[in-house]
Each structure stands twice: as C-alpha cells, then as structure tokens.
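K.L.:
Just add 207 to the spot in the sequence shown (first one is 1) and you have the numbering used here.
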Amino acid sequence: MRKLKKILLYLLYAVMAGIVFLYLLFPANLAKDYIQFQSHRLVPDFMIKIGTLSLHFPWNVKLKEAELYYPNTSLFFDQLKIKPAFGPLCKGKWDFLIQAHLYQGTLQGNARQSPDQSKWLFNADLRDIQMDQIPFIKMSPYLKMIGALEGRVESVLDANQNLNAHAQLLISECSFKSNLPVLDKLDFRFDKIELVFLVDRSTLKLQEARAFGKQFNAIAVGTIALRQPIEKSILDLDLTIQPQTGAFKNLDDAFTKELMTLIKNDFSIKVFGTLDAPDYYLNSAIYLN
Numbered sequence: 208m209r210k211l212k213k214i215l216l217y218l219l220y221a222v223m224a225g226i227v228f229l230y231l232l233f234p235a236n237l238a239k240d241y242i243q244f245q246s247h248r249l250v251p252d253f254m255i256k257i258g259t260l261s262l263h264f265p266w267n268v269k270l271k272e273a274e275l276y277y278p279n280t281s282l283f284f285d286q287l288k289i290k291p292a293f294g295p296l297c298k299g300k301w302d303f304l305i306q307a308h309l310y311q312g313t314l315q316g317n318a319r320q321s322p323d324q325s326k327w328l329f330n331a332d333l334r335d336i337q338m339d340q341i342p343f344i345k346m347s348p349y350l351k352m353i354g355a356l357e358g359r360v361e362s363v364l365d366a367n368q369n370l371n372a373h374a375q376l377l378i379s380e381c382s383f384k385s386n387l388p389v390l391d392k393l394d395f396r397f398d399k400i401e402l403v404f405l406v407d408r409s410t411l412k413l414q415e416a417r418a419f420g421k422q423f424n425a426i427a428v429g430t431i432a433l434r435q436p437i438e439k440s441i442l443d444l445d446l447t448i449q450p451q452t453g454a455f456k457n458l459d460d461a462f463t464k465e466l467m468t469l470i471k472n473d474f475s476i477k478v479f480g481t482l483d484a485p486d487y488y489l490n491s492a493i494y495l496n
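Written as structure tokens, this is what we have:
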C-alpha cells in the first residue's frame with residue numbers, strides 16, 4: 208500500500224513537472240504561426256494576424272493585438288482568449304469557447320463544427336462595444352456616431368465559404384451626426400436603436416431598424432451589398448424620420464429651418480451610393496447633393 212502511494216506521488220510529480228515545463232517552454236512564436244496557418248487552412252477566406260500569444264492554465268490560449276480578416280470585414284481584438292472544449296475535441300470535432308475585449312467592450316461566444324463537419328457555426332454575445340471606436344465609423348468623413356452596442360450574432364459558414372448570419376443588436380445613448388448637406392444641420396440623438404439584420408453571402412439585409420429619441424424617431428429598411436474593402440459596399444436604404452414636437456426650433460440655418468417647417472409629418476430619405484461616398488434624396492423628390 209505504501210509502495211503504491213509512493214508510485215502515485217511520483218506520477219503526480221512527473222505530471223506536474225511536465226505541465227510546468229510545458230508552460231515555461233511553450234513555443235509561442237511556433238504556436239502563433241501554427242494557428243495562423245491552420246485557421247487559414249480550415250477556412251481559406253479567413254486570416255488572423257497575431258501580436259503576441261501565451262498559454263494560460265487550464266489550456267487557454269491568449270492572443271493580444273489580434274486582427275481577424277474575412278472578405279468585406281475585419282475585427283481588431285485587444286485581447287482574445289480561446290479555450291477548446293475537450294469532449295468534442297476527443298471525438299475529432301473542433302469546438303472552442305471564445306472571450307474577447309474589443310473596441311472597449313466584450314465578446315463571449317462559441318465556434319464549432321456542425322455534426323457532419325460540413326459547416327462552421329459561430330455565436331457571440333456583445334456588450335458595451337463603443338461605436339466611435341469601430342474603425343470604419345472612426346475614419347468616416349461623412350458619419351460621426353457614439354453609443355454603446357450590445358446584442359447577439361449567430362452565423363454559419365458552409366463548405367463553399369458562403370456566410371449566413373443573423374443579428375439582434377441594441378445601441379444605447381446614441382448620437383449621430385452626418386456631414387451630408389442639410390442633414391449636417393440636424394443633430395440626431397437617440398435613447399436607443401434596435402437593429403435586426405441578416406447576412407446572406409455578400410448582402411446585408413436590414414430587416415428592422417428602429418430609433419427612439421426626444422427629437423426624432425426613425426425607421427430604416429433596405430440592403431447593403433458588401434464589397435471589399437468594406438467602404439466600397441453599396442447602399443440601398445429607405446429611412447423614415449418622425450420629428451417630435453419642437454425638433455427644429457433650435458435650428459440656426461435659415462434655409463434648413465424653412466425647409467423643415469414645410470414638412471408637417473414624417474419625411475423619407477433614400478440613401479444610395481457607397482459607404483465612403485453616400486448620397487441621398489429627401490422625400491424622394493428633392494435632390495440635395
């Protein structure tokens with residue numbers, strides 16, 4: 208009995224020593240190259256660029272300053288933790304838990320293969336993503352936007368690299384400012400914006416978008432044809448603006464104030480062009496650009 212205990216203690220010591228050496232001697236650069244290679248091999252249209260990589264107990268891989276590239280979009284993570292689910296992995300199936308910090312908010316999700324291994328399934332819960340930190344919005348000369356985004360995204364990537372996604376998002380305490388003529392005189396502030404959209408291959412379909420504020424409410428529907436780079440995506444959106452009482456009383460611009468006083472009820476805006484060069488019609492009759 209004493210001999211058995213001694214053997215078990217030696218085995219435990221050997222295992223613990225092995226784990227310690229594994230962590231101390233973990234080949235971070237080799238692992239970083241391997242992850243970049245394997246992710247591109249599994250999903251050819253997908254690429255990842257990693258700043259630094261480290262291994263943490265129990266078997267979490269932590270990536271810092273990681274950027275994910277996929278046609279039409281990219282995401283930058285200050286920190287990304289990936290943990291394999293060992294049950295599915297032992298059966299030869301890929302299944303990962305994901306935690307991330309990005310754009311001053313957080314992401315928690317899961318990436319796994321379908322039972323027949325023909326598809327990749329992704330889901331993610333987002334919290335406190337700051338809109339003004341998202342690169343496209345941050346760099347856009349036509350759009351200034353602040354607010355905190357949260358919600359859920361579910362997506363499927365099939366064997367032909369076709370992406371389908373569904374998202375339900377909420378943006379709180381949102382301020383929107385456009386540099387387009389006439390609209391640049393209006394200050395849109397919303398208590399919340401509710402978004403529901405689908406991504407079907409290379410088309411984003413805005414199923415429902417509702418904004419609620421003290422001066423304006425708004426509704427939007429339409430599509431965005433996704434292109435690469437993302438700023439070349441083609442807009443086809445219909446917006447209905449619902450002014451609330453006193454929405455235009457503080458306007459300083461005489462022309463805009465006179466124009467808006469002619470609008471007794473809701474007015475519509477047709478948005479077209481591209482993300483980096485948008486254009487629009489007001490009330491489908493007056494061309495303003």
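Beta carbons are placed, not taken as given, at the ideal position from N, Cα and C, and that holds for glycine.
So what does residue 290 bridge to, in DSSP terms?
P.N.:
Looking at the DSSP assignment, residue 290 forms a beta bridge with 304.
K.L.:
So, under 8 Å CB-CB, residue 478 and residue 446 are touching, yes? Tell me the CB distance rounded to an integer number of Å.
P.N.:
About 6 Å; that satisfies the 8 Å criterion.
K.L.:
Does the beta-carbon of residue 266 have 16 or more other beta-carbons within 10 angstroms, so that it is buried, or is it exposed?
P.N.:
By the neighbour-count rule (16 or more Cβ atoms within 10 Å), residue 266 is not buried but exposed.
K.L.:
May I ask which residues mark the beginning and end of the beta strand (DSSP E) holding residue 352?
P.N.:
It spans 350-364 - the beta strand (DSSP E) in which residue 352 sits, taken as one unbroken run.
K.L.:
Enumerate in chain order the residues of its own chain whose CB-to-CB distance from residue 380 is below 6 Å, with the five nearest sequence positions on each side excluded.
P.N.:
Hits under 6 Å: 354.
K.L.:
Taking residue 344 as part of the alpha helix (DSSP H), name the residues at either end of that continuous run.
P.N.:
Taken as a continuous stretch (DSSP letters only), the alpha helix (DSSP H) holding residue 344 covers 342-346.
K.L.:
In or out: residue 237 buried (at least 16 other Cβ within 10 Å) or exposed?
P.N.:
Exposed: under 16 other Cβ atoms inside 10 Å.
K.L.:
Give the DSSP bridge partners of residue 238, in chain order.
P.N.:
In DSSP, residue 238 forms no bridge with anything.
K.L.:
Go through its chain and collect everything with a Cβ distance to residue 315's Cβ below 6 Å, but skip five positions before and after it.
P.N.:
Counting only Cβ-Cβ distances below 6 Å, and skipping sequence neighbours, we find 306 and 332.
K.L.:
Alpha carbon to alpha carbon, what distance is there between residue 289 and residue 342?
P.N.:
Approximately 24 Å, taken between the alpha carbons.
K.L.:
Within this structure, are the beta carbons of residue 422 and residue 451 separated by less than 9 Å?
P.N.:
Taking 9 Å as the Cβ cut-off, residue 422 and residue 451 qualify as a contacting pair.
K.L.:
Would you mind sorting residue 440 into buried or exposed? The rule is 16 or more other CB atoms within 10 Å of its CB.
P.N.:
Burial call: buried.
K.L.:
Cβ atoms of residue 318 and residue 302: under 9 Å apart, would you say?
P.N.:
In this structure, residue 318 lies closer than 9 Å to residue 302 by Cβ.
K.L.:
Under 7 Å Cβ to Cβ from residue 443, same chain only, skipping five residues before and after it: list those, please.
P.N.:
Only 429, 430 and 479 meet the Cβ criterion.
K.L.:
Given 8 Å as the limit, tell me if residue 371 has its C-beta closer than that to any heavy atom belonging to the ligand SAM.
P.N.:
As for the ligand SAM, it is missing from this structure, which has no ligand bound.
K.L.:
Span of the beta strand (DSSP E) holding residue 400?
P.N.:
Residues 395-407.
K.L.:
For residue 344, which residues of its own chain have a beta-carbon under 7 Å away from its beta-carbon, when the five flanking residues on both sides are left out?
P.N.:
So the list reads 338, 350 and 352, once near-sequence residues are dropped.
K.L.:
For residue 246, which residues from the same chain have a beta carbon less than 7 Å from its beta carbon, with the 5 sequence-adjacent residues on both sides left out?
P.N.:
Same-chain partners within the cutoff: 253 and 255.
K.L.:
Mark residue 425 as exposed unless 16 or more other C-beta atoms lie within 10 angstroms of its C-beta, in which case mark it buried.
P.N.:
Residue 425 is buried by the Cβ-count criterion.
K.L.:
Put residue 390 into one of helix, strand or coil per three-state DSSP.
P.N.:
If DSSP states are grouped into helix, strand and coil, residue 390 belongs with the helices.
K.L.:
Which first and last residues belong to the beta strand (DSSP E) in which residue 477 is found?
P.N.:
Where residue 477 is concerned, the enclosing beta strand (DSSP E) stretches over 474-481.
K.L.:
Distance check for residue 356 and residue 378, CA to CA, integer angstroms please.
P.N.:
Cα to Cα, the separation comes out at about 4 Å.
K.L.:
Give a yes or no on whether the C-beta atoms belonging to residue 437 and residue 482 are separated by under 9 Å.
P.N.:
In contact: residue 437 and residue 482 (Cβ atoms closer than 9 Å).
K.L.:
What is the DSSP secondary structure of residue 379, reduced to helix, strand or coil?
P.N.:
Residue 379 falls in the strand class under three-state DSSP.
K.L.:
Is residue 399 closer than 9 Å to residue 383 when the C-beta atoms are compared?
P.N.:
Going by C-beta atoms, residue 383 is not nearer than 9 Å to residue 399.
K.L.:
Going by alpha carbons, who is nearest to residue 485 out of 268, 312 and 386?
P.N.:
It is 386 whose Cα lies nearest to the Cα of residue 485.
K.L.:
Between the C-alpha atoms of residue 320 and residue 300, what's the straight-line distance to the nearest angstrom?
P.N.:
Looking at the two C-alpha atoms, the distance is approximately 6 Å.
K.L.:
Have a look at residue 329 and residue 395 and give me their C-alpha separation to the nearest angstrom.
P.N.:
So the two alpha carbons sit approximately 34 Å from each other.
K.L.:
Grab the span of the beta strand (DSSP E) containing residue 339 for me, first residue to last.
P.N.:
Unbroken run through residue 339: none, as it is neither H nor E.
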